[in-house]
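Here is the structure we will look at.
In this note's numbering, the protein residues as written are 3 to 389.
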């Protein structure tokens, strides 16, 4: 969406940058009511074409994550999943990171960089000269560094998990062949740009990476006990880092945010219970508020990071006076977050209702939905421009 003061990009599985087709005038119905157009005014729909020479019209699906560069001039869009039309097409089965120039009025594709595998995780280094992609079943983090030809894949950092956890993980061969594979998911970089933390979904752990040495330096089990007999910290998905020494990790299975101390030997410092299944996380600029997208409860949780407490829960179904507001049927499925530059508005992708909820934030961290922006089918990533 483009407005006078803000450009907002939402990701649907097949396209990036659009909220449906070009907006038109309302359609009048016989009963006197009108159907709102499918798209917000000035919206654009951008297909993700990687530029494969032998298939110039080939487009990719499953755009899942969008991250704006530290200077606000470049936007990364990551695909994760499968491309059903890729058979027989060179590079068609790869995932991609698309680099868009967003310094002007319209996003312009600058690069399409293949990635062997991915699973949602994407993060910039604060320097703006590197970014990182979690490799999903490859159990790696891929490093992309800026050079004379733009960004290029420069390293792959192994995380060292032979298998994931599961019923067959410790079984002898050949039975262990059916054990779950490791999955590297959410990734975040610390404030100084020296370390990254990766969530390992099927290992109930995080890995800490030294970005200068290009190696893993620590592994932290997120479960309450080493033998895994007590629920907690399972299926970690997303990571946010406060400063250099505190990580927040979402655990959808156990409906909690695990807080980990990173200085010295990493350790779990506390657990914050939430009302739904937490997925993506977002810190504000001051890092005193953590916003948590809560699937299955159709809310966004707000955590005070000084007290490590959930202080507010905001329904993101619809404005109070629209379509029944909070009385709407459940299933909005909030799954991604972005803050406006002035941090007075929070944008939340509601995958289940094909919309971006606009939340007006109050100084105490609470808020309310003031509008819904229509999108293409099942949005799952959002980024707001720096201006």
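Built from N, CA and C at the ideal position, the CB exists for glycine as well. Bear in mind that the values here come from a model prediction, so they are computed numbers and not experimental data.
Between residue i and residue j, is the Cβ-Cβ spacing less than 7 Å?
i: residue 319; j: residue 297; result: no
i: residue 124; j: residue 67; result: yes
i: residue 266; j: residue 253; result: no
i: residue 192; j: residue 246; result: yes
i: residue 295; j: residue 282; result: yes
i: residue 350; j: residue 339; result: yes
i: residue 116; j: residue 144; result: no
For residue i, count the other beta carbons within 10 Å of its own beta carbon; 16 or more makes it buried, fewer makes it exposed. Which is it?
i: residue 76; result: buried
i: residue 250; result: buried
i: residue 385; result: buried
i: residue 64; result: buried
i: residue 135; result: buried
i: residue 120; result: buried
i: residue 278; result: buried
i: residue 126; result: buried
i: residue 21; result: Because residue 21 sits at a pLDDT of 39, beneath the cut-off of 50, its placement in the model cannot be relied upon, and the following sentence gives the value as read from the coordinates. Residue 21 is buried by the Cβ-count criterion.
May I ask you to report which of helix, strand or coil DSSP gives residue i?
i: residue 307; result: coil
i: residue 23; result: Here the model assigns residue 23 a pLDDT of 43, short of 50, so the residue's position is not dependable, and the following value carries that caveat. DSSP places residue 23 in coil when its eight states are reduced to three.
i: residue 353; result: helix
i: residue 180; result: helix
i: residue 5; result: Its pLDDT being 34, under 50, residue 5 is placed unreliably by the model, and nothing is read from it.
i: residue 250; result: strand
i: residue 203; result: helix
i: residue 346; result: coil
i: residue 130; result: coil
i: residue 148; result: strand
i: residue 262; result: strand
i: residue 153; result: strand
i: residue 138; result: strand
i: residue 256; result: coil
i: residue 119; result: coil
Assuming residue i and residue j are in contact, meaning their beta carbons sit under 8 Å apart, how far apart are those beta carbons, in whole angstroms?
i: residue 12; j: residue 383; result: 7 Å
i: residue 82; j: residue 122; result: 5 Å
i: residue 273; j: residue 260; result: 6 Å
i: residue 213; j: residue 195; result: 7 Å
i: residue 130; j: residue 71; result: 5 Å
Kindly examine the ligand FMN and report whether one of its heavy atoms sits closer than 6 Å to the Cβ of residue i.
i: residue 384; result: As presented, the structure is devoid of all ligands, the ligand FMN included, so that no description of it is given.
Next item on the list: Count the C-beta pairs between the stretch 235–252 and the stretch 195–205 that are closer than 8 Å, then say yes if the count reaches three, no if not.
Entry: Yes, since at least three Cβ pairs between the stretch 235–252 and the stretch 195–205 fall closer than 8 Å, the two stretches touch.
Check: Would you call the stretch 306–314 and the stretch 327–341 in contact, with 3 or more CB pairs under 8 Å?
Finding: no
Margin query: With three or more C-beta pairs closer than 8 Å as the rule, is the stretch 143–161 touching the stretch 215–229?
Written below: yes
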